[in-house]
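Notes for the one structure printed next.
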Amino acid sequence: MGFSLLADVEVRRITDLTPDWFAQRDIRLVLLDFDNTIVPYTTSEPSEVFLRWKEQLSQAGIRIMVVSNSRKSRRVPDFCEKWGIPWIRHAGKPNPKGIVAAMKRMNENPEHTVMAGDQTFTDILGANLAGVTSILVYPLYFSNPFQRIRYGIEHPFIAMGRKKRKR
108 MGFSLLADVE
118 VRRITDLTPD
128 WFAQRDIRLV
138 LLDFDNTIVP
148 YTTSEPSEVF
158 LRWKEQLSQA
168 GIRIMVVSNS
178 RKSRRVPDFC
188 EKWGIPWIRH
198 AGKPNPKGIV
208 AAMKRMNENP
218 EHTVMAGDQT
228 FTDILGANLA
238 GVTSILVYPL
248 YFSNPFQRIR
258 YGIEHPFIAM
268 GRKKRKR
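Just so we're aligned, residue 108 is where the sequence shown starts under my numbering, counting upward by one.
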């Protein structure tokens, strides 16, 4: 458990990581941020690609759970109930308490867990503080200029993470 803004892994989309990729690393639990990781801020409907990926993980015995900071009404619970995904919202990332609570609820430990999200200052830092593998996902959609500004601020840390992983 350490303070780091550098992701262990970086992918364009979370669905780029196959069940085999997780299995090779003995990952049994995939924690996912909601907005801009699973769905854009502009919708609550998952893509067919995400639904196929979710099913492939399930068939491989790999569980997923949403860990979101969202406080928006019933958006996260409604989505998760519809698609059979357990969730925690008001997670408080980067504080690792929500990630730790998710692992406890799913009866899993950090060595077998990853946390994936699109934000360095919340998802990646929270994952690193919780001692789980951190996966940075490129945002699905920039719905407003503030997201682009935030991404620009995060970019030096993303670049440092890339450089660290190349070594």
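Ideal placement from N, C-alpha and C gives every residue a C-beta, glycine not left out. If you're wondering where the values come from, they're calculated on a predicted model, not measured in any experiment.
Taking the alpha-carbon positions, what's the residue i to residue j distance?
i	j	result
Trp160	Thr125	8 Å
Ala223	Glu152	19 Å
Val244	Gln163	19 Å
Asn202	Ile231	11 Å
Glu215	Asp133	12 Å
Pro184	Leu112	28 Å
Val118	Thr144	11 Å
Thr229	Leu138	13 Å
What residues match up with residue i in a beta bridge as DSSP calls it?
i	result
Met172	Leu138
Glu117	Leu243
Lys146	Just to set this straight, residue 146 is Val in the shown sequence, not Lys. Looking at the DSSP assignment, Val146 forms a beta bridge with Asp142.
Run through DSSP, which three-state label would residue i get?
i	result
Met222	strand
Thr227	helix
Glu188	helix
Val239	coil
Ile195	strand
Phe157	helix
Glu215	coil
Note to self: Under 8 Å, with one C-beta from each stretch per pair, do the segment 147-167 and the segment 205-213 reach the 3-pair mark?
What the structure shows: As far as the Cβ criterion goes, the segment 147-167 does not touch the segment 205-213, which means the pair count is below three.
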